[in-house]
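Contents: one structure, followed by commentary.
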Amino acid sequence: MGQKILIVEDERELADILGAYLEVEGFTPIVAKDGKEGLSAFYENKPDLMLLDIMLPKVDGIKVCKEVRESSDIPVIMISAKSGEMDKVIALGIGADDYVTKPFSPLELIARVKAQLRRYEKSMDNSGMNREEISTGKLSLNKAAYTADVDGQSLTLTTKEFEILFFFARNPNQVFSKEQIYEGVCDDNSVTVYINRIREKLNKFNLDYIKTVWGAGYKFSAG
Ligand code: CA
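According to the numbering used here, the sequence shown is numbered sequentially starting from 19.
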């Protein structure tokens with residue numbers, strides 16, 4: 019049985035076409051016709067990837083994506099009827115990995131499905147504690163070479179800055195106090211200074227990956 023692709027789409031004809039194309043490529047399509055059914059199918063079938071229409075009966079695609087993200091980081095490709103809908107998806111930062119706007123070519127969508135699955139498998143391969151390369155969002159970090167880049171452009175960091183950013187990127191969405199950060203990577207407690215410098219450098223690429231959690235510390239989120 020091939021990798022499971024959950025299609026959440028209320029346009030029956032489109033869902034069937036996508037399902038047929040996916041089957042030809044060796045995938046196992048699962049179709050849900052509204053957001054509620056989509057969520058049940060997600061919990062029940064544990065799909066490898068999700069194709070998610072935005073305008074859906076019962077529960078819309080944005081809500082579905084947000085709920086899926088609470089427990090899973092499988093690739094999610096959003097499907098929208100209007101280009102304006104995508105602005106909302108991006109603005110809300112709901113955690114989708116890619117999107118297409120109707121009408122689109124099924125072959126193009128299949129190519130994106132494959133690309134997302136490759137990217138995801140690669141990140142899973144690297145998910146052990148000893149992994150030396152991390153790619154998250156637009157950021158790539160290579161611990162063997164102590165190099166960082168954003169979308170292929172080099173990001174210059176000092177050794178300490180690199181270690182802090184690497185520490186964060188390896189533990190995404192977890193809140194760390196300053197003490198935990200410097201115990202993890204530094205031998206002194208100028209953590210705030212280092213973090214501010216890293217933020218300034220990331221800001222040049224319009225990335226806001228290190229968030230302040232008031233009263234608790236910091237967390238890294240590339241979503
Ligand atoms: Ca729809």
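Just so it is clear, CB atoms sit at the ideal spot from N, CA and C, and this is done for glycine as well.
- First and last residue of the uninterrupted beta strand (DSSP E) at Val94: Val94 to Ser98
- Decide if the stretch 126-136 is in contact with the stretch 182-202; the criterion is three or more beta carbon pairs, one per stretch, under 8 Å apart. no
- Are Gly53 and Leu74 closer than 8 Å when you measure CB to CB? yes
- What three-state label does DSSP hand Gly37 in the structure shown? helix
- Go to Gly53, then tell me how far its alpha helix (DSSP H) extends in each direction, as first and last residue. Gly53 to Asn63
- Decide if the stretch 107-116 is in contact with the stretch 39-46; the criterion is three or more beta carbon pairs, one per stretch, under 8 Å apart. no
- Item | Gln192 (DSSP reduced to helix, strand or coil) | Collapsing the DSSP output to three states places Gln192 in coil.
- Task: Could you check if Ser208 is buried or exposed, using at least 16 other CB atoms within 10 Å of its CB as the buried criterion?
- Result: exposed
- Who sits around ligand 1, taking every residue whose Cβ is closer than 5 Å to one of its heavy atoms? Asp28, Asp71 and Met73
- Message: Does Gly233 pass the burial test, meaning 16 or more other C-beta atoms within 10 Å, or should it be called exposed?
- Response: exposed
- Task: Output the boundary residues of the alpha helix (DSSP H) element that contains Tyr212.
- Result: Val209 to Asn221
- Close Cβ partners of Lys64 (< 8 Å) along its chain, the five nearest in sequence each way excluded: Lys22
- Message: Just verifying my parser: in three-state terms, what is the DSSP assignment at Phe184?
- Response: helix
- Item | Beta-carbon gap between Leu15 and Gln134 smaller than 8 Å | With the chain running from 19 to 241 in the structure shown, residue 15 is simply not present.
- Task: Kindly examine ligand 2 and report whether one of its heavy atoms sits closer than 7 Å to the Cβ of Thr119.
- Result: The model on display carries ligand 1 but not ligand 2.
- By Cβ distance below 6 Å, which residues in the same chain neighbour Lys159 in space, the five residues on each side in sequence not counted? Looking at the sequence itself, residue 159 is Leu, so the reference to Lys does not match. Only Ile152, Ala166, Phe184 and Ala187 meet the Cβ criterion.
- Message: Excluding the 5 residues flanking Lys196 on each side, which residues of the same chain have their C-beta closer than 7 Å to its C-beta?
- Response: Correct list, in chain order: Asn207, Val209, Thr210 and Gly235.
- Message: Taking the alpha carbon of Lys178 as the reference point, which residue from Arg136, Gln198, Arg215 and Tyr61 has its own alpha carbon closest?
- Response: Arg215
- By how many angstroms is the C-alpha of Thr174 removed from the C-alpha of Glu62? 45 Å
- Message: So, with DSSP's three-state summary, where would you put Gln21?
- Response: Of the three classes helix, strand and coil, the one that applies to Gln21 here is coil, per DSSP.
- Item | Val77 beta carbon less than 8 Å from that of Ala50 | no
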